[in-house]
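Following: one structure in structure tokens, then a few remarks.
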Amino acid sequence: MNKYSEVVSSIEESRTMAISSLVKKLKAEGKNVLSFSAGEPDFPTPEFIKHAAIKAINENFTRYTANEGYPALINAIVKKFSAENNLEFKPDQILVSDGAKHSIYNVIMAVCNPGDEVIFQSPYWVSYPEMVKLAQAESVIIEAGVKQNYKITPDQLERAITPKTKAFIFNTPSNPSGIVYGKKEILALAEVLKDRDIFIISDEIYEKILFDGEEHFSIGSIEHLKDKTITVNGVSKAYAMTGWRIGYAGGNREIIRLARNLQSHSTSNASSVSQAAAYAALSETSDEINDMVKKFKNRRDYIYNALNKVEGIKCPLPKGAFYVFFDVSNYYGKHANGYHINDSSSFCNYLLTEENVGLVPGVAFGNDNCVRMSYACSLEELKDGIERITKALSKLHNA
Ligand SMILES: Cc1ncc(COP(=O)(O)O)c(C=O)c1O
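In case it helps, my numbering puts the sequence shown at residues 590 to 988.
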């Protein structure tokens, strides 16, 4: 008999979190580390949101709320989905959790049985495979490499479906690649899912961080998928509120009922004060969000151009989120100072030790040819980062 839980023992620590901890440790040791591993905006939470939280504390809004979220917030989420996503829900189709991560976890647990298959693409967000493992289901991963701009085709989706397919996880704009699926592409994927007993979990956490006139389209708004889709979103990325831990899910009533039940026996309601802050974020308008997106776009433009000038790097243009995901496999097989680069982890280790630059290896996202760089940092840091990366790579030579 295994001394510890076999299921929990089978999952790995989140690699993005592990890199962040390592970078923090190196900084604490006094190293001049430039970390591009953060999955969070570098801006402070807007003032009006902070005020709402302070007001909530002063008004003693500090007790348990309803497990699924307090009614005003639930109603604000219903309105948001209707106004921005063309999704019509009743309040009993909404669940507020401790971050979108928690919402996705609750939904996957509510949907999967042991042996079920869950389809998603690589590159993928780090937590999908581990959550699927926790539900004792199997991940079926569709590879979408740099050549296909990190996007899957309807044909690939069709081929991945088996009688065991239970759910399809879809993420646009994407972490780690920043790619955005357009409406036409989404309609084509939806056609494959038509008349099939497959739930769709649509992770739309980066919905508001879009560039070049891209528009967000929610797969759950397609008529024939309405009842089968759970749409997940949250305030972490759009409102620079990662630490407040508020995410939410809306969709299929029975899945939401089960997910609520699960939450009621694990964490119960998300923090009351954070819910009040999220309510302000969703119900008031502010220029701060647009300003943030403009800054991300300037940085995106800089980093995309600068990276593509570095010899051997292939970086497609991200249209959303705040990451670039670029192919570094041209450097595999090269050496410098006792370092041998043969995969994304050795590439990142080399950059970290040689030039104190923290990137996340693509293997964490299911693509070992690439690395992820977050541009949720200042332009100065990005410029310094490019210089250091160029310097480290220029030292690499063939064996
Ligand atoms: C694609 C994606 N989904 C979900 C989340 C979870 O967001 P949170 O739990 O902070 O709301 C993240 C965070 O990095 C993400 O990148």
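Note that beta-carbon positions come from the ideal geometry of N, C-alpha and C, so glycine has one too.
Nothing here was measured: the structure is a model prediction, and the numbers come from that model.
Query: Three-state secondary structure (DSSP) of I790; Result: strand
Query: L1036, DSSP secondary structure in three states; Result: Residue 1036 lies beyond the range of the chain shown here (590 to 988); nothing can be said about it.
Query: Test item: CB-CB of S963 and V946 under 9 Å; Result: no
Query: With 16 other Cβ atoms within 10 Å as the buried cut-off, status of A866; Result: buried
Query: Proximity test, T820 beta-carbon vs ligand 1 heavy atom, cut-off 8 Å; Result: no
Query: Within 6 Å of ligand 2: residues by beta-carbon to any heavy atom; Result: Ligands displayed in this structure: ligand 1; ligand 2 is not among them.
Query: Given 8 Å, three or more beta-carbon pairs between the stretch 875-891 and the stretch 622-640; Result: yes
Query: Nearest candidate by alpha-carbon position, reference S716, set N919, I835 and G688; Result: G688
Query: Nearest-angstrom beta carbon gap, F954 and S711 [assumed within contact, 8 Å]; Result: 7 Å
Query: Sub-9 Å separation of A829 and P633 beta-carbons; Result: yes
Query: Residues bridged to L684 (per DSSP); Result: A838
Query: Per DSSP, the bridge partner or partners of D916; Result: K903 and C959
Query: I975 vs L871 beta-carbon contact at 9 Å; Result: no
Query: Contact the stretch 738-752 vs the stretch 928-942: 3+ CB pairs below 8 Å; Result: no
Query: Within 9 Å, strictly: CB atoms of I750 and S791; Result: no
Query: Bounding residues of the beta strand (DSSP E) (the contiguous stretch that carries I608); Result: No beta strand (DSSP E) contains I608, which is instead part of the alpha helix (DSSP H) from R604 to A617.
Query: Sequence-distant residues of its chain with Cβ nearer than 7 Å to L799 (five each side left out); Result: P762, V769, H805, K908 and G909
Query: Beta-carbon separation (whole angstroms), V707 vs I844, contact threshold 8 Å; Result: The pair is not a contact, with the Cβ atoms about 14 Å apart (cut-off 8 Å).
Query: Beta strand (DSSP E) segment containing H924, residue limits; Result: K923 to A925
Query: Chain-order list of residues whose beta-carbon lies under 8 Å from that of Q725 (same chain, five-residue window excluded); Result: V596, C701, N702, P703 and G704
Query: Own chain partners of T651 with C-beta closer than 7 Å, once the 5 adjacent residues on each side are dropped; Result: S861 and V862
Query: Close Cβ partners of A965 (< 7 Å) along its chain, the five nearest in sequence each way excluded; Result: A627, E629, P630, D631 and F911
Query: Segment contact, 8 Å Cβ cut-off, at least three pairs: the stretch 673-686 with the stretch 834-842; Result: yes
Query: Beta strand (DSSP E) runs contained entirely in the stretch 683-723, provided each spans 3 or more residues; Result: 683-686 and 706-711
Query: Beta-carbon proximity of S810 to N675, cut-off 9 Å; Result: yes
Query: Spatial distance of N926 from L814 (CA atoms); Result: 54 Å
Query: Sheet register partners of S624 (DSSP bridge); Result: G947
Query: Close beta carbons around H986, own chain, < 8 Å, minus the five adjacent residues each side; Result: K923, H924 and A925
Query: Simplified DSSP assignment, three categories, for L985; Result: coil
Query: Limits of the beta strand (DSSP E) - the one that N760 falls within; Result: T754 to N760
Query: P765 vs R961 beta-carbon contact at 9 Å; Result: yes
Query: Counted within 10 angstroms of its Cβ, other Cβ atoms place I944 as buried (16 or more) or exposed; Result: Reading the sequence as shown, one finds Glu at residue 944 and not Ile. The residue in question, E944, is buried, as its Cβ has 16 or more Cβ neighbours within 10 Å.
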